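>
Residue numbers (the working numbering): 9 to 253.
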């Protein structure tokens with residue numbers, strides 16, 4: 009048990025390490041995009057040393073390969089294959105073949121004293137972004153409050169609608185459509201409870217929809233520019249919200 013705890017602790021980078029690694033990663037991406045591949049390689053290596061995420065080794069491979077360093081590129085890609093656990097067999101085989109080609113390039117005589125920075129066949133050069141660097145979208149407090157209010161109003165609508173239906177059945181049996189012919193006349197006093205419950209149900213439904221809509225507006229306007237997909241569904245006694253934040 010102690011060994012397991014120590015291993016888990018060693019694998020989880022501290023917040024400070026993650027913050028420093030994020031800076032190195034973003035700097036490396038910027039350098040890679042402008043063609044400064046050797047500097048980008050150093051940044052990705054630094055980020056990997058701080059976090060241990062295998063995706064960063066893939067970035068090291070891309071930068072080193074484009075910098076004309078097939079040997080270090082092969083080492084990094086081999087390390088990525090050893091550490092990455094979610095690769096399918098086809099992708100793993102393709103990358104394994106790429107390692108072999110990189111080794112062959114590294115061992116071949118350099119042309120003009122320099123190894124060329126020729127991209128590997130099938131390598132699109134797209135950098136990987138480790139999940140640890142992906143910002144999580146936070147739902148604004150105001151949006152959460154509005155969604156809760158929408159849920160409460162939806163429950164109120166469900167209760168009022170149920171009571172209204174029960175009252176309508178009672179009236180139908182006593183002075184309405186289901187009574188013997190000719191039916192007795194329902195007085196206004198008899199209809200008042202039904203009217204009140206219908207009014208409460210209508211107000212609750214409109215309020216639930218309005219609160220849910222306002223919550224979505226706050227979510228998109230206050231919550232930032234991150235991509236989000238949200239679906240709201242108002243039904244009898246409930247509001248269902250599904251999405252990614």
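Cβ coordinates follow ideal geometry from the N, Cα and C atoms, glycine included.
Computed from a prediction, not measured in an experiment: that's the story for all the values here.
1. Where do the N-terminal and C-terminal ends of the alpha helix (DSSP H) with residue 175 fall, by residue?
2. Taking a contact to mean a Cβ-Cβ separation below 9 Å, would you say residue 164 touches residue 216 in this structure?
3. From the DSSP output, in three-state form, read off residue 56 for me.
4. In three-state terms, what does DSSP make of residue 130?
5. Would you mind giving the Cβ-Cβ distance between residue 222 and residue 154, rounded to the nearest angstrom? I have them listed as a contact below 8 Å.
6. Going straight from the alpha carbon of residue 81 to that of residue 228, what length do you get?
7. Less than 8 Å between the CB atoms is what I'm expecting for residue 107 and residue 135, so what's the real figure, rounded?
8. Going by beta carbon distance, what residues of the same chain come within less than 6 Å of residue 36, once the five residues before and after it are set aside?
9. For residue 25, report the span of its alpha helix (DSSP H) as first-last.
10. Can you name, in chain order, every residue of its own chain whose Cβ lies under 7 Å from the Cβ of residue 40, other than the five neighbours on each side?
11. Can you list, in chain order, the residues of its chain with a C-beta nearer than 7 Å to that of residue 176? Leave out the 5 residues immediately preceding and following it.
12. Alpha carbon to alpha carbon, how far is residue 87 from residue 76? Give it in angstroms, no decimals.
13. Under 9 Å, do residue 161 and residue 212 count as touching if we go by C-beta distance?
14. Using 10 angstroms around the beta-carbon of residue 38, count the other beta-carbons present and answer buried if the total reaches 16, otherwise exposed.
15. Ignore the nearest five residues each way along the sequence and tell me which others in residue 150's own chain have a CB closer than 6 Å to its CB.
16. What do you reckon, are the CB atoms on residue 198 and residue 183 nearer than 9 Å?
According to the structure shown:
1. Here residue 175 refers to the residue found at position 167 when the chain shown is read from its first residue. That run of the alpha helix (DSSP H) goes 149-182.
2. Taking the first residue of the chain shown as 1, we reach residue 164 at position 156. Taking the first residue of the chain shown as 1, we reach residue 216 at position 208. Contact: yes.
3. As a position in the chain shown, residue 56 is number 48, starting the count at 1. Residue 56: helix per DSSP, three-state reduction.
4. Counted from its first residue, the chain shown places residue 130 at position 122. Summary for residue 130: the model assigns pLDDT 48, below 50, so the residue's position carries little reliability; its value from the coordinates is reported in the next sentence. Here residue 130 sits in coil by DSSP.
5. Position 214 of the chain shown holds residue 222. Position 146 of the chain shown holds residue 154. Residue 222 to residue 154, Cβ: 5 Å. Contact.
6. What you label residue 81 is simply residue 73 of the chain shown in a count that begins at 1. What you label residue 228 is simply residue 220 of the chain shown in a count that begins at 1. If you draw a straight line from the Cα of residue 81 to the Cα of residue 228, it is about 42 Å long.
7. As a position in the chain shown, residue 107 is number 99, starting the count at 1. As a position in the chain shown, residue 135 is number 127, starting the count at 1. The Cβ separation is near 19 Å, so there is no contact.
8. What you label residue 36 is simply residue 28 of the chain shown in a count that begins at 1. Same-chain partners within the cutoff: 48, 51, 52.
9. Counted from its first residue, the chain shown places residue 25 at position 17. Start and end: 23-41.
10. Here residue 40 refers to the residue found at position 32 of the chain shown. These residues qualify, in order along the chain: 48, 71, 135.
11. Counting from 1 along the chain shown, the entry for residue 176 is found at position 168. Excluding sequence neighbours, residue 176 sits near 202.
12. Numbered from 1 along the chain shown, position 68 holds the residue referred to as residue 76. Numbered from 1 along the chain shown, position 79 holds the residue referred to as residue 87. In a straight line, the C-alpha of residue 76 is about 19 Å away from that of residue 87.
13. Counted from its first residue, the chain shown places residue 161 at position 153. Counted from its first residue, the chain shown places residue 212 at position 204. Yes. Within cutoff.
14. For the purposes of this step, residue 38 is identified with residue 30 of the chain shown, where counting begins at 1. With fewer than 16 other Cβ atoms within 10 Å, it is exposed.
15. Against the chain shown, residue 150 aligns to sequence position 142. Excluding residues within five positions, the ones whose Cβ falls inside 6 Å are 226.
16. For the purposes of this step, residue 198 is identified with residue 190 of the chain shown, where counting begins at 1. For the purposes of this step, residue 183 is identified with residue 175 of the chain shown, where counting begins at 1. Yes, Cβ-Cβ distance for residue 198 and residue 183 is below 9 Å.
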